[in-house]
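J.: Protein sequences appear in the order of chains A, B and C. Each residue of the first sequence is one higher than the one before, starting from 124 at the first, in the working numbering. Each residue of the second sequence is one higher than the one before, starting from 8 at the first, in the working numbering. Each residue of the third sequence is one higher than the one before, starting from 3 at the first, in the working numbering. Note that the Cβ used here is the ideal one computed from N, Cα and C, for glycine as well. This is the structure I have questions about; it appears just below.
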Amino acid sequence: MVEKIKARIMDYGKIKRAIQRMTTEIIERNRNLKNLVIVGIRTRGIYLGKRISKLIKELEKRDIPVGVLDITLYRDDFSESEAQHMVKKTEINFSVAKKDVLLVDDVLFTGRTIRAAMDSLIDLGRPKTIQLLVLIDRGHRELPIRADYVGKFLPTSKREVVQVQLKEIDKIDEVLITEPPGMK
Amino acid sequence: MKLLLKNGRVIDPSSGTDGKLDILIEKGKIVDIKARIESKGAKIIDASRLVVAPGFIDMHVHLREPGQEHKETIATGAAAAAKGGFTSIACMPNTDPVNDNRGLTEYILSEAKKKAVVNIFPIASITKGQRGEELTDMADLVDAGAVAFSDDGQSVESSQIMRRALEYSKPLNTLIIEHCEDKNLSNEGVMHEGYYSYLFGLSGIPASSEEIMVVRDIILAQEAEANIHIAHLSVKGAVDIVRNAKKKKIKVTAEVTPHHLFLTDSCLENYDTSLKVNPPLRSKEDVQALIQAVKEGIVDVFATDHAPHTQDEKDVEFDKAPFGINGIETAVSLLLDRLVSKNIISLKRFIKMISTTPSLILGLENKGKICVGADADLTILNLNKEIVVDVSTFKSISRNNPFQGWKLKGTPAMTIVGGKIVYPFFSSKSL
Amino acid sequence: MAFKHKHLLGIQALTPSEIITVLDTAESFYEISTREVKKVPILRGKTIINLFFEPSTRTRSSFELAAKRLSADIVNFNQQTSSAVKGESLKDTILTLEAMNPDAIIIRHSCSGVPHFTTTFCQSHIINAGDGSHEHPTQALLDAFTIRQEKKNFKDLKVTIVGDILHSRVARSNIFLLRKLGARVVLVGPPPLLPLEMKKFGVDIGFNLDRALEGADVIMMLRIQMERQQKNFFPSIREYRNLYSLTEKRFRRAKKKAIIMHPGPINRGVEISADMADSAKSVILKQVENGIAVRMAVLYLLLGGKKREAFA
């Protein structure tokens, strides 16, 4: 299965600057940083969330906790997909009740993942607000969902795949557009 | 009406005949056997490339009539036997009511005369109602036509009663057949006790439950100087006991069923109730010992223990399913494929064990042999034809046969009873 | 990683990696039961039937809670309320239930092999909740989950299983599972309840509890059924207690950090002394708690993410 790389959209520097810009926006919009918590959606949302938390610490000297959300059990496309998803742990060691929750994911596409994530969050407690941060918004929404913070708007065709790679697990920071094999 | 079998390979163990011969049949008897027979007006059957054997005799069959006609009747059991290559069958007395009196025996014989396409020989029970308490009127039953006595399905639990039965049978020139099982040991068992019963979590029937009864009966038979026939031998230990008894010239004979020769306890892994049988399917070691016993001649007879049960009765929890395998239509092909074509025993030996010897053990006159004057009961075999077992083609009412789908080489091609072709099922006018 | 079974009939059919998959999945589900909202929507719209032909409180409730925490609808049928008492055959009972279009049927029956038999005519996923003396796979899985919480690695463990091994489905499933994961298993009990041929399961067999406990990491006590005594599997409860009851004195022979397990219900003062059952070494209640996470994992792995047609 060789995927064809069509374009390299972001590199280390571009990703870094996008995260810095979004962090500044977060600080501007959340005057009460004490009430902010970050919840990263498995898998790459976790590392983006951690980077943002670290940046806020550097800029504002505030510790923002980062939790991990596994949305497998809330997916709505579950019974339609043939492959079985391995359930991983949700690890949120703080209460989300009455908090301003910053939900972090790598790519915003149909919006179904975010819908599942919000359902899951609300089952864990009743957040005061939920804000959404994504590194890439590639369009093609199927639900009325939009992000509060976007690293880059990227118009794509539906069959293309947007791959965000992060150093923490992929050894490199980059964003690629690829096309699955067998497609024209 | 004359019937002329031409060019068949005639094998008759009783006379040692084995060669290409013609056989002429008239009025239900064999009237001539020669290399070339010409006979005007006789219906000619071309038996070239086929084996002509004395009619096969299954001395262990359950016909279920009277009482359980939904499982099998005398007529359907006989048709199944004919299809399976048997010309005579002996039926066990565990009907409802039990065949423990002249009336029942005569009823079975008269029904058989009217409806059965093969010869039926009733076996009466040793004790009244098979309850193990009082002996039946054995002399009266012999007079009515019972060929042997058995409480099959269980042993005669009381050693005293068994001893009396053996003693009493002697001057009657009849035979006691014992299903050897010490119920105290087999208890609630549903399969052979051993590794697999522990693995499957099913209650076990230990080998000792059979061995103890085989030993007891042989000791009692020796004491009474009577004949004892051990039904469906299934364990190595019992084989050894019979071997020793034969060495000592004790008058013991034994039978083995195809399922005990070709299936083991490990086959029960899917809890398939068509494999639930008593005695149970035993271990691989037991099966090896049984095959060795067949080779050595320790086992005298092949019998099927044909035990029909309906699908509904078998479609239940393993513990609750009735014991029994419907085997009369698959026995001959199984034995030909697994023993004869694999050269474990010779064809002649096979015929001896399924025709000659059973007729001698049951004292059936003019049966189990091919000679002038003998009854024209013949089984014709096609050794080269391959069949696939398909229970849906059974003549038996029931279908509880575990060999479904087995590919087997060798099959009965024609069954002739009293000079009449009873299988394949032509209309009688074509004769 | 994957778990490609339609049914869970026994541990015997599972590979070591499938067992680990169930345990890992159960880890993820464990946390759900600690939440305020103890429910996730993953099996929303699925129907599960709890079909119990034998009295059981803990296994039935555990499956019921597991199903409910996954948002499945679950219906309980037990012998008292089903048609089984009216002379209906088992097959007819199950076919009737299946006509109601369940996705899974959880079966407990006193006859070994009933779940296997059911799969021959049933389209639903079948989960064995204990069949006769055969298997009780979810019990072994929850036991393994509990052992893993305490001990991490199965390879170096000595697990001593004590009691009526012959009739115990819990023992069988645990033996199969522990051997697959490489633990050393020692069986001990009265000889009539512990056939030597069971050695072929890859276990050691002993009749002396003191010796069998020597150096044990895990002690699994089995419930002794009083009716066995009537069939002379052992002479008397008194004799059984003297020889095979886990007491504090005996426990000292095991490793210091050994844990005590029991599938319940306990006969206090018979197979286990009250103080041992309640001691800090006992993980008996932990087993009950873990049962829900493990059963959630089993239901998820069988019912989640696959179309029914995939098996047609």
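Only counting the same chain, and skipping five residues up and downstream in sequence, which positions put a Cβ closer than 7 Å to that of A:S204?
T.: Only weak support exists for where A:S204 lies, its pLDDT of 48 falling under 50; the coordinates are left without a value.
J.: Against chain B, does C:P197 count as a neighbour if the rule is that its beta carbon must be under 8 Å from one of theirs?
T.: At least one chain B Cβ lies under 8 Å of C:P197.
J.: Using a Cβ-Cβ distance under 8 Å, would B:D272 count as near chain C?
T.: No, because no Cβ of chain C sits closer than 8 Å to the Cβ of B:D272.
J.: Please report the Cβ distance between B:S21 and B:T363, rounded to the nearest whole angstrom; I am assuming they are in contact, meaning their Cβ atoms lie under 8 Å.
T.: Right, their Cβ atoms sit about 5 Å apart.
J.: Less than 6 Å between C-beta atoms, sequence neighbours within five positions excluded: which residues of the same chain meet that for C:A218?
T.: Excluding sequence neighbours, C:A218 sits near K160, T162, A256 and A260.
J.: Cβ of A:G248 less than 8 Å from any chain C Cβ?
T.: Yes, its Cβ sits closer than 8 Å to a Cβ of chain C.
J.: When DSSP labels each residue in this structure, what does B:P419 get in the three-state scheme?
T.: Strand at B:P419.
J.: So, helix, strand or coil for A:H263, using DSSP?
T.: Three-state result, A:H263: coil.
J.: Quick one: list the residues of chain C neighbouring A:K212, beta-carbon separation under 7 Å, in chain order.
T.: Neighbours of A:K212 on chain C, chain order: E29, S30 and E33.
J.: Tell me whether A:Y135 is buried or exposed, calling it buried when 16 or more other Cβ atoms sit within 10 Å of its Cβ.
T.: Exposed: under 16 other Cβ atoms inside 10 Å.
J.: Return the chain-ordered list of same chain residues with a C-beta closer than 8 Å to the C-beta of C:I207, the five sequence neighbours on each side being excluded.
T.: For C:I207, where only same-chain residues beyond five positions count, the Cβ hits under 8 Å are V188, L189, V190, L196, L198, M200 and K201.
J.: Extract the residue ranges of the beta strand (DSSP E) inside the stretch 151–208 of chain C, only unbroken runs of 3 or more that lie entirely within it.
T.: List check, beta strand (DSSP E) in window: 160–164, 186–190 and 206–208.
J.: Using the three-state DSSP reduction, which class does A:I292 fall into: helix, strand or coil?
T.: Three-state DSSP puts A:I292 in a helix.
J.: Assess contact between the stretch 310–322 of chain B and the stretch 275–289 of chain B, defined as three or more Cβ pairs (one per stretch) separated by less than 8 Å. Is contact present?
T.: The stretch 310–322 of chain B vs the stretch 275–289 of chain B: in contact.
J.: Are the C-beta of C:K41 and some C-beta of chain A separated by less than 8 Å?
T.: Taking Cβ atoms only, chain A reaches closer than 8 Å to C:K41, which makes this a yes.
J.: Tell me, please, whether the stretch 212–229 of chain A touches the stretch 254–272 of chain A by the rule of three or more beta-carbon pairs shorter than 8 Å.
T.: Touching, yes, given that three or more Cβ pairs across the two stretches are closer than 8 Å.
J.: Would you mind working out which of C:P18, C:Y302, C:H7 and C:I13 sits nearest C:K157, comparing C-alpha positions?
T.: Of C:P18, C:Y302, C:H7 and C:I13, the residue nearest in Cα terms is C:P18.
J.: Using a Cβ-Cβ cutoff of less than 7 Å, which residues in the same chain neighbour A:I128 once the five nearest sequence positions on both sides are dropped?
T.: Excluding sequence neighbours, A:I128 sits near L299 and T301.
J.: Which complete beta strand (DSSP E) runs does the stretch 207–236 of chain A hold, if anything under 3 residues is left out?
T.: Segments of the beta strand (DSSP E) lying fully in the stretch 207–236 of chain A: 223–231.
J.: Relative to the C-alpha of B:E164, which residue among B:S210, B:I219 and B:L209 is closest?
T.: That would be B:I219, whose Cα lies nearest to the Cα of B:E164.
J.: Hey, is the stretch 162–180 of chain C in contact with the stretch 227–238 of chain C, meaning 3+ C-beta pairs nearer than 8 Å?
T.: Touching, yes, given that three or more Cβ pairs across the two stretches are closer than 8 Å.
J.: For B:E33, which of helix, strand or coil comes out of DSSP?
T.: Of the three classes helix, strand and coil, the one that applies to B:E33 here is strand, per DSSP.
J.: Helix, strand or coil: how does DSSP classify B:K13 here?
T.: Here B:K13 sits in strand by DSSP.
J.: Could you give the C-beta distance for C:H118 and C:R174, rounded to a whole number, given that I count them as a contact under 8 Å?
T.: Rounded, the Cβ-Cβ distance is 14 Å, inconsistent with contact.
J.: The alpha helix (DSSP H) that contains B:A155, what's its start and end?
T.: B:A155 -> not in any alpha helix (DSSP H); beta strand (DSSP E) instead, spanning A155 to S157.
J.: Name the chain C residues whose beta carbon is nearer than 9 Å to that of A:D134?
T.: Near A:D134 there are no residues of chain C at all, since even the closest Cβ is about 33 Å away, more than 9 Å.
J.: Residues in its own chain within less than 7 Å of B:S340 by CB, not counting five upstream and five downstream?
T.: Cβ neighbours of B:S340 beyond the five flanking positions: I394, L415, G417 and T418.
J.: Within the continuous alpha helix (DSSP H) that includes C:T2, where are the two ends?
T.: Given that chain C is displayed from residue 3 to residue 314, the structure contains no residue 2 of chain C and the question cannot be resolved.
J.: Take every Cβ of the stretch 19–36 of chain C, pair it with every Cβ of the stretch 289–301 of chain C, and state whether three or more of those distances are shorter than 8 Å.
T.: Yes, the stretch 19–36 of chain C touches the stretch 289–301 of chain C.
J.: Along the chain, which unbroken stretches of the alpha helix (DSSP H) at least 4 residues long are found entirely within the stretch 113–158 of chain B?
T.: Those alpha helix (DSSP H) runs which fall completely within the stretch 113–158 of chain B and span 4+ residues are 145–151.
J.: Quick one: does A:Y170 have its CB under 8 Å from some CB of chain C?
T.: No, A:Y170 lies away from the interface with chain C (no Cβ there is under 8 Å from its Cβ).
J.: Look at C:T140 and C:A146 and say whether their C-beta atoms are less than 8 Å apart.
T.: Not a contact, by the Cβ cut-off of 8 Å.
J.: May I ask you to list, following chain order, the residues of the stretch 314–326 of chain B that have a beta carbon less than 9 Å from some beta carbon of chain F?
T.: The structure shown contains no chain F; its protein chains are A, B and C.
J.: For B:E72, is the classification buried or exposed, using 16 other Cβ atoms within 10 angstroms of its Cβ as the cut-off for buried?
T.: Under this definition B:E72 is a buried residue.
J.: Rounding to the nearest angstrom, what Cα-Cα distance links A:K281 and A:T233 in this structure?
T.: Computed Cα separation, rounded: 10 Å.
J.: For B:L209, return the contacting residues in chain C, with the cut-off set at a CB-CB distance below 8 Å.
T.: What B:L209 touches in chain C: S114, G115, G134, S135 and H136.
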